[in-house]
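Numbering (my numbering), first residue to last: 1 to 275.
Beta carbons: idealized from backbone N, C-alpha and C, even for Gly.
Please read these numbers as outputs of a predicted model, since none were measured by experiment.
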């Protein structure tokens, strides 16, 4: 009976943590390749800023229009990041633009939610999410959306991979790098906005970066890295979900900490193997 209760509570969070992260891992591999580690955190924070704007306008968090307002604001962030991607490194690195965007968006969220009743609780919800209460409908909707976006990234993977690894060659070949960058970040924004609404900013960032860093450490090819990253994300999810249920801990934070511990284990094992 107790096992049935556990499965009833953890079924959809478990499915969400296994089915949805692979696309996040793929995007994380691009982020690591581009060396703009905080671009996903910045986009997630911009998405949160859009949600905060909608809440200040009087909408409820679960209203559909909140999603579209958040997505529209995040598209503006995507346009900014694609526009600031130059042929050569300029006096101001793109990482600085990304960092400024994150800080301004984070400050904007605090200011906006200070004017919303229960703003502190809303801020905590946006940061940590509520993946423990995710429903089958929400998982199904996001799985379908992520499948469509995965097909888009797969169709143009060679272009995106070249732009991520060797942008100067892409420019030299006459590729419209800024346009393709915008398409990359626009789809990226759609992924981030969709996942942040159920998982929060912190868990979204953890799924995007930690498995990708582990995969780059352990593997060479894109396909192998994707498989390794998914395995790392799945392992961290299982550990985090189990710890959350057994120790009565916040689920999102538990998975983030489990991801960090997984990265430490991978780093130590990689160092020992090299030695």
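*To the nearest angstrom, report how far apart residue 227 and residue 83 are at their CA atoms.*
32 angstroms
*Take the Cβ of residue 157 as the centre, count every other Cβ of all protein chains shown within 10 Å, and call the residue buried at 16 or more, exposed below.*
exposed
_By the DSSP assignment, the alpha helix (DSSP H) with residue 40 in it spans what residues?_
39–56
_Start and end residues, alpha helix (DSSP H) containing residue 219_ = Where residue 219 is concerned, there is no enclosing alpha helix (DSSP H), given that its DSSP letter is neither H nor E.
*If you compare alpha carbons, which of 95, 139, 119 is closest to residue 48?*
119
*Kindly indicate which residue of 220, 106, 22, 31 has the alpha-carbon position closest to the one of residue 45.*
106
*Could you round the C-beta distance between residue 256 and residue 212 to whole angstroms and report it? I think they count as a contact, below 8 angstroms.*
Not a contact, Cβ separation roughly 15 angstroms.
*Kindly indicate the opening and closing residues of the alpha helix (DSSP H) around residue 141.*
136–155
*Sort 178, 104, 70 by Cα distance to residue 160 and report the nearest one.*
178
*State buried or exposed for residue 71, treating a residue as buried only when at least 16 other CB atoms are found within 10 Å of its CB.*
buried
_CB-CB length for residue 126 against residue 200, believed under 8 angstroms_ = 6 angstroms
*Rounded to whole angstroms, how far is the Cβ of residue 327 from the Cβ of residue 21, which I believe are closer than 8 angstroms?*
There is no way to answer for residue 327, as the model of the chain reaches only from 1 to 275.
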